[in-house]
Each structure stands twice: as C-alpha cells, then as structure tokens.
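I have placed the structure first, in the form of structure tokens, so that the comments after it can refer back to it.
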Amino acid sequence: MTPAKASDVHETAAARLRLLGQQYTRTRRTIVDVLRKASDPLTIPEIMKGKAGLALSSVYRTLAVLEQAKIVHRLVTNNEFSRYELAEELSNHHHHLICTSCGRVKDFTLSSKVERSASKSLEQIATEAGFEMHGHRLDVVGLCADCS
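The sequence shown runs 49 to 196 under the working numbering.
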C-alpha cells in the first residue's frame, strides 16, 4: 500500500483532534507518521521501534486519543498485542489477513472488479437486514505462511 500524502493526513488529524478540544502534539504527529509509512498494522512495540525516544506510557495514551478522534483504527487479534493503523479515510481502502496463531496482520487489496462485486453483495445483505451500510471491512482469518 502506498502511504497517504503526509500533508493531507496531518491536516485531517489536526482537524479531528480540534473537534475534541485536543492539540496535535509532536508525539501524536510522530505516531501518525510512523503508521502512515507502515505497510501493515503495527503493534505498540513496533511503533516504538519505528521512532526512538517514544515513552511506552505516552504511546498508549496517544493511541487512545487518536483512536477516539477516529484517526487510528485498532485491530484486535488473538495475539497479546493489538495492532494499529491509520483510519481508512486517511489511508487506502484495504482488507486484512489475520493469523490466528501468531496474530500477524497483513493488508491486502482486491481488484476493482472484485471490490465492486463484494460491495454490491454486502449492500444487498445489509439492505435485506434493514441495515444502513456505510462501508465494509474484510478480515480473512487463518494461518500465515510461517505458522502453517
């Protein structure tokens, strides 16, 4: 996946934080940048490895605020660590391969033809259930190459 344009991501992040009465601090900007450049969702230790000098307690607090502001999306796997990525509106539409053994998460995209077909099918299912669909996420659960 190609990283989103930094200026657009940072402008949107700052605006979303302002709506919550929060500032876009240097630490928040650093974490957003680490996630923006990542090819797959990251654990907190991986985020900290991506930028030296981040304090663990600060990263936890920052991620909670960024998640509340809908800047960051948290993925929970059966691994001991949650994984974090930029919210889809700040990156590209994608889906996840999730390993049930090690908790690794790998992003993937569908061809535009398959994506349209999946969206149409999911919209039909939602409509039949009386559900107003705003989007979709697809998680494929199984074993990664290392664990299988």
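Just so it is clear, CB atoms sit at the ideal spot from N, CA and C, and this is done for glycine as well.
1) If we call anything under 9 Å between Cβ atoms a contact, is H141 one with T157?
2) Are H3 and L186 close, meaning C-beta to C-beta below 9 Å?
3) Return the chain-ordered list of same chain residues with a C-beta closer than 8 Å to the C-beta of L170, the five sequence neighbours on each side being excluded.
4) Expressed to the nearest angstrom, what Euclidean distance is found between the alpha-carbon atoms of A177 and A100?
5) Roughly how many angstroms separate the alpha carbons of T50 and S87, rounded to a whole number?
6) Leaving out five residues before and five after T91 in sequence, what residues of the same chain have Cβ atoms less than 6 Å from its Cβ?
7) Measuring CB to CB, does P93 end up less than 9 Å from D155?
8) Looking at the strands, I want to know which residues DSSP matches up with Y132.
9) From the DSSP secondary-structure annotation, give me the bridge partner or partners of V82.
10) Which one or two residues does DSSP pair with I146 in a beta bridge?
11) My output table needs one value for S169: the three-state DSSP class, helix, strand or coil.
Concretely, from the data shown:
1) Residue numbering aside, residue 141 sits at position 93 when the sequence shown is read from its first letter. Residue numbering aside, residue 157 sits at position 109 when the sequence shown is read from its first letter. Yes, these two residues count as a Cβ contact at 9 Å.
2) The first residue shown for the chain is 49 and the last is 196, placing residue 3 beyond what the model contains.
3) Residue 170 sits at position 122 when you count from the first residue of the sequence shown. So the qualifying residues of the chain are M181 and H184.
4) What you label residue 177 is simply residue 129 of the sequence shown in a count that begins at 1. What you label residue 100 is simply residue 52 of the sequence shown in a count that begins at 1. For A177 and A100, the distance between alpha carbons rounds to 48 Å.
5) In the sequence shown, counting from the first residue as 1, residue 50 sits at position 2. In the sequence shown, counting from the first residue as 1, residue 87 sits at position 39. For T50, the predicted structure reports a pLDDT of 49, less than 50, and the residue's modelled location is therefore unreliable. The matter cannot be settled from this model.
6) Taking the first residue of the sequence shown as 1, we reach residue 91 at position 43. Excluding sequence neighbours, T91 sits near F129 and R131.
7) Locating residue 93 in the sequence shown gives position 45, counting from the first residue. Locating residue 155 in the sequence shown gives position 107, counting from the first residue. No, the Cβ-Cβ distance between P93 and D155 is not below 9 Å.
8) One-based indexing of the sequence shown puts residue 132 at position 84. L90 and R122, per the DSSP bridge assignment.
9) Here residue 82 refers to the residue found at position 34 of the sequence shown. Bridge partners of V82: none, in fact.
10) Counted from its first residue, the sequence shown places residue 146 at position 98. DSSP lists V153 and V189 as partners of I146.
11) Taking the sequence shown and counting its residues from 1, one reaches residue 169 at position 121. S169 falls in the helix class under three-state DSSP.
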